[in-house]
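Remarks on the structure that follows.
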Amino acid sequence: MIFSGEVALITGGSRGIGAAIAQELARTGARVAVGYRRRHEAAERVVSEIIQDGGDALSIELDVSSSDSVDAAFSQVEDAWGPVEILINNAGLTQDHLLLRMPSSGWSEVLDVNLTGPYRTIQRSLRGMLRARFGVIVNISSVVAQRGNPGQANYSAAKAGLEALTRTLSLELGSRGIRVNAVAPGFIETDMTEAMAGDWKDEISNRAALGRAGRSGEVARAVRFLASADASYITGITLVVDGGLSLGL
Ligand SMILES: NC(=O)c1ccc[n+]([C@@H]2O[C@H](COP(=O)([O-])OP(=O)(O)OC[C@H]3O[C@@H](n4cnc5c(N)ncnc54)[C@H](OP(=O)(O)O)[C@@H]3O)[C@@H](O)[C@H]2O)c1
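Residue numbering for the sequence shown follows the numbering used here, beginning at 1089 and increasing consecutively.
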C-alpha cells in the first residue's frame, strides 16, 4: 500500500478522470470522499466499486461554485473521518465559443468552476492542513493552459490561472508541510471529450507522439504519484500527461 488511510477528497469524482482518481487513491490505501455535483447515482456506483474491492469510500454532494456547499462537504468528511489531508481539485467544465461570440455567462461560469472553485476548496482545506502541518493538493489543469486553444479562451485562461495559483500556493504553504502541484492532461477519453466531432478526435489523438488518446487511469496514476510520499520533495510543478500531444511545432 502507498497510503495508510489518509483522507482524500476528490471534486467531480462521479465520472471521468475524477472517478479514476478516486479508484486509484482507494486502491492504494487512501480513504476517499467522492464529490459529485448532480450525479449522485454515478458517485454511489464509484463508491460501491471501491468498497467491493476492499477500499474505503463515501459520496459527498459538493458544488465547487458554492462556498456553502464546499463548507458542508468538508464538514461531512471531517465528521466521518477527520480533516481532509489530500485534496484533488478535479471538477471542471467547458463552454466553448470563439471570444467574439462568447456570452459573459460562459466566461464567468467556466472561470468560477475551474479556477474560483479550487480557491474555495483549498481555502477550506487549509483549516485542517495547517493545524496538522501536513497536506497535499493536486489541481487538474490542462495542456491548453500553456498551449492555448481556439474556442477555449475562458477554459485556457482558467487553467493557466490554476497553474499560477499552484505555484504561488506552493510558496505560501511549503514551510507548513503542504505540497501543491498540478497535473495537465492532454486529450483523454471522457464525457468532456465525447462531445467533439469524430474526425477532430481522430486528428488530435494522432497528433500525440504516442498516436492515441489518453485514458483516465493514466492521469489518475500521475495524480497518485504526486499525492504520495514518493513525491515528498516535489511542489509547485505542473506534470504534463499528454502522450506528447503538446510537443513539436
Ligand atoms: N478529458 C480531457 O481530455 C481533459 C483534458 C485536460 C483536462 N481535463 C480536466 O480534467 C478534469 C476532469 O475532466 P473530465 O474529462 O473527467 O470531465 P467530465 O467527464 O466532464 O467530468 C467533469 C466532472 O466535474 C464535475 N463538475 C462539473 N461542474 C462542477 C461543479 N460546479 N462542482 C462540482 N463538480 C462539478 C462533474 O460532476 P457531475 O457528474 O455531478 O456533473 C464531473 O464529475 C477537469 O478539470 C477537466 O478540465 C480533462
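Even glycine gets a Cβ: it sits at the ideal position worked out from N, Cα and C.
Return the residue from the list ASP1151, VAL1134 and VAL1152 that minimises the CA-CA distance to ALA1145. VAL1134
Taking one C-beta from the region 1237-1247 and one from the region 1273-1282 each time, how about it: are there three or more such pairs within less than 8 Å? no
Buried/exposed call for TRP1288, threshold 16 Cβ in 10 Å: exposed
What is the DSSP secondary structure of GLY1180, counted as helix, strand or coil? coil
Spatial neighbours of VAL1152 within its chain, please: CB distance less than 7 Å, with the 5 preceding and 5 following residues excluded, ordered by chain position. THR1099, VAL1158, ALA1179, VAL1201, GLY1205, ARG1208 and THR1209
Within the continuous alpha helix (DSSP H) that includes ARG1295, where are the two ends? 1286-1295
Could you tell me if GLU1260 is buried or exposed, where buried requires 16 or more neighbouring beta carbons within 10 angstroms of its beta carbon? exposed
With a threshold of 7 Å (Cβ to nearest heavy atom), would GLY1205 be considered close to ligand 1? yes
Classification of ILE1225 by the beta-carbon crowding that lies within 10 angstroms, buried from 16 upward: buried
Give me, in chain order, the residues of the same chain whose beta-carbon lies closer than 7 Å to that of GLY1117; leave out the 5 immediate sequence neighbours on both sides. MET1089, ILE1090, PHE1091, SER1092 and GLY1093
Cβ neighbour criterion (16 or more within 10 Å) applied to GLU1129: exposed
Flag PRO1238 as yes when its Cβ comes closer than 7 Å to any non-hydrogen atom of ligand 1, and as no otherwise. no
Quick check on the DSSP output: the alpha helix (DSSP H) that includes ARG1309 runs from which residue to which? 1304-1315
Please work out which residues of its chain come closer than 6 Å, Cβ to Cβ, to ARG1267, disregarding the five sequence neighbours upstream and downstream, and give them in chain order. VAL1224 and THR1323
Answer with buried or exposed for GLY1265, where buried requires no fewer than 16 other C-beta atoms within 10 angstroms of its C-beta. exposed
In terms of residue numbering, what span does the alpha helix (DSSP H) encompassing ILE1109 cover? 1104-1115
Below 8 Å between beta carbons: does that hold for ILE1161 and GLU1149? What sits at residue 1161 in the sequence shown is Ala, not Ile. Their beta carbons are under 8 Å apart, which means ALA1161 touches GLU1149 by this criterion.
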